[in-house]
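Engineer:
Number of protein chains: 2
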Amino acid sequence: MVRKTKEEAEQTRKEIIESARAVFHQCGVSRSTLEKIAKEAGVTRGAIYWHFKDKAELFFAMREDVFAPMVERTDSLLLSDDFANPLDAIEASLKEFFRVLDDCPVVREVFEIMISRCEYVDEFSAVQEEAGRPAYEFLEKMERIYRKAADKGMLRQGLDPTAIARDTWAFTSGLLHLMLGCQKGSDLDKQIPAMISTHMALRRRA
Amino acid sequence: MVRKTKEEAEQTRKEIIESARAVFHQCGVSRSTLEKIAKEAGVTRGAIYWHFKDKAELFFAMREDVFAPMVERTDSLLLSDDFANPLDAIEASLKEFFRVLDDCPVVREVFEIMISRCEYVDEFSAVQEEAGRPAYEFLEKMERIYRKAADKGMLRQGLDPTAIARDTWAFTSGLLHLMLGCQKGSDLDKQIPAMISTHMALRRRA
DNA sequence: CTATTTACATACATTCATGAATGTTTATAA
DNA sequence: TTATAAACATTCATGAATGTATGTAAATAG
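Respectively, the protein sequence lines represent chains A and B.
Reminder that position 150 of the first sequence reads as 150 in our numbering, one-by-one numbering, no gaps.
Reminder that position 93 of the second sequence reads as 93 in our numbering, one-by-one numbering, no gaps.
1) Output needed for residue 200 of chain B: all residues of its chain with C-beta closer than 7 Å, excluding positions within five of it in sequence on either side, in chain order.
2) Looking only at its own chain, which residues have a Cβ that is under 7 Å from the Cβ of residue 95 of chain A, when we skip the five neighbours before and after it?
3) What span of residues does the alpha helix (DSSP H) with residue 187 of chain A cover, start to end?
4) Going by beta carbon distance, what residues of the same chain come within less than 6 Å of residue 102 of chain B, once the five residues before and after it are set aside?
5) Against residue 195 of chain B, what residues of chain A qualify as contacts under a CB-to-CB distance less than 8 Å, listed in chain order?
6) Is it right to say residue 187 of chain B is buried, meaning 16 or more other beta carbons lie within 10 angstroms of its own, or is it exposed?
7) Measure the CB-CB distance between residue 62 of chain B and residue 100 of chain B and report whether it falls below 9 Å.
8) In whole angstroms, what is the alpha-carbon distance linking residue 54 of chain A and residue 104 of chain A?
9) Find the nearest neighbour of residue 48 of chain B within the set B:12, B:177, B:110, judged by alpha-carbon distance.
10) Starting from residue 46 of chain A, trace the alpha helix (DSSP H) in both directions and tell me its first and last residue.
11) Could you say which of B:3, B:22, B:202, B:14 lies nearest to residue 108 of chain B if we only look at CA atoms?
12) Please confirm if residue 176 of chain A has its CB atom under 9 Å from at least one CB of chain B.
13) Taking the C-alpha atoms as reference points, what is the distance between residue 180 of chain B and residue 28 of chain A?
14) With C-beta atoms as the reference, is residue 119 of chain B less than 9 Å away from residue 116 of chain A?
15) Measure the Cβ-Cβ separation of residue 143 of chain A and residue 161 of chain A and say whether it is below 9 Å.
16) Buried or exposed for residue 32 of chain B, going by 16 or more other Cβ atoms inside 10 Å?
17) What does a CB cutoff of less than 7 Å around residue 165 of chain A pick up in its chain, not counting 5 residues either side in sequence?
18) Mapping DSSP to helix, strand and coil, what is residue 77 of chain B?
19) For residue 93 of chain B and chain A, any beta-carbon pair shorter than 9 Å?
20) With a threshold of 9 Å between beta carbons, is residue 122 of chain B in contact with chain A?
21) Quick check on the burial criterion: 16 or more other C-beta atoms within 10 angstroms. Buried or exposed for residue 5 of chain B?
22) Anything in chain A within Cβ reach of residue 19 of chain B, meaning under 8 Å, just list it in chain order.
23) Report the rounded CA-to-CA distance for residue 15 of chain B versus residue 42 of chain B, giving the unit in angstroms.
24) Could you work out which residues of chain A lie near residue 135 of chain B, taking near to mean beta carbons separated by less than 9 Å?
25) Mapping the DSSP letters down to three states, classify residue 3 of chain B as helix, strand or coil.
26) Between residue 171 of chain B and the rest of its own chain, which residues show a CB-CB distance below 7 Å, the 5 nearest in sequence each way excluded?
27) Return yes when the C-beta of residue 200 of chain A is under 8 Å from any heavy atom of the ligand GDP, and no when it is not.
28) Which of the three DSSP states is assigned to residue 155 of chain A in this structure?
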């Protein structure tokens, strides 16, 4: 039985991506053979080669599925007008980001793959650059919002918006890596909201 | 010409490690074949198998060569008695860490390999755990020193040593990852000392 | 209704990469 | 001085993994 309908084909495409995520997460990207992924998805390598040019393209597709919604989600909080204090927008956005990471296994797995189960060389160095752009955009957003907070007088005296934006930038990156890196026996997950609160409290007006 | 003297053998061992670092950095660990590494070192795979059980063991050796001196170096500053203010010890230690990373290519390459050119699965998941321990020890040290600073009255009012230790922990991890990840065209390197100063200034008594 | 694609499965050729086995000198210990 | 073992080089067998080429049945366009 071959030649499925268009919707069925789209479904197998999704199943291949799901399987790729599972196998990537378990074996690491380089040790994940297309045969394993195909078997996990209940298809043959032929199906994968039909939908994707090679493993790299499959990897990109898997990543994009998760990244875009994530950025949109956090940005909507970051740029929301519902917060009188811009610092509250930052705090809410950061907490939302890590909350999703904490209780959405799909998202978490993709981030774990990207952080500790992929080697960024050759075809994959492009991924690293693409992941670097959102990071820099995050920095710019932080700077803008901290400046707005300063204008509104919500920032603690003597703080430079650019400088503390960089501090928040590094803090967020580090939190992400620590959460996904040293997960095992640690109860870090539960302390993250408090850590974010502490971080923001450092820059609130007394 | 075979059967070198003991010192010569030790020398080729070191050359193998050097070559492994170069090849790991260029190709990523999984795509680094022992043949490539051997050729780079001017030996054959036989030599590598003589000195190391397999690629993983070679990887561990390469890592250990760089890590231990690094921890010792930063710890000596961190636990030094030369600083009247414990916060100065932290600041000096962090700056020293990133200074070495910045102008010692060997150290930088090893960290880059560990962060973005290695997949932490199977044999290598042990590496991640070993790298996680120093991270937790760093957290504990931070906590102790911040507490000491609090006792001496050098800490800004209302700050909890444990909480800001975690903040510094995440900050440092993030700085490391940002520095090694998004290196390319950014001038991040030059801003790192200022970022550390800013970070510490946030917790100094006004 | 049939011609053409689509959406795969199957088969094949080729290319590494590994680990072990074995060979070969030569330092070194006795 | 010689036996032993160190420090490699060479060779071999084997097992993936990849990409491509080809087969094929069913959906769909006309």
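Just so you know, even glycine gets a beta-carbon here, dropped at the ideal spot from N, CA and C.
Structural biologist: According to the data block:
1) Close CB contacts of residue 200 of chain B within its chain, under the 7 Å cut and outside five residues either way in sequence, are with 87, 90, 91 (chain order).
2) 193, 196
3) Note, residue 187 of chain A: premise wrong, no alpha helix (DSSP H); not H, not E.
4) 189
5) Neighbours of residue 195 of chain B on chain A, chain order: 163, 166, 167, 170.
6) exposed
7) no
8) 27 Å
9) B:12
10) 45-51
11) B:22
12) yes
13) 21 Å
14) In this structure, residue 116 of chain A lies closer than 9 Å to residue 119 of chain B by Cβ.
15) yes
16) Under the 10 Å beta carbon count, residue 32 of chain B is surrounded by 16 or more other beta carbons and is classified as buried.
17) Scanning its chain for C-beta atoms nearer than 7 Å, with the 5 sequence neighbours on each side dropped, one finds around residue 165 of chain A the residues 139, 142, 143, 146, in chain order.
18) Residue 77 of chain B falls in the helix class under three-state DSSP.
19) no
20) yes
21) exposed
22) Ordered by position in chain A, no residue passes the 8 Å Cβ test against residue 19 of chain B, which lies about 17 Å from the chain.
23) Near 9 Å, if we compare the C-alpha coordinates of residue 42 of chain B and residue 15 of chain B.
24) 178, 181, 182
25) coil
26) 199
27) No copy of the ligand GDP appears in this structure; indeed no ligand is present at all.
28) strand
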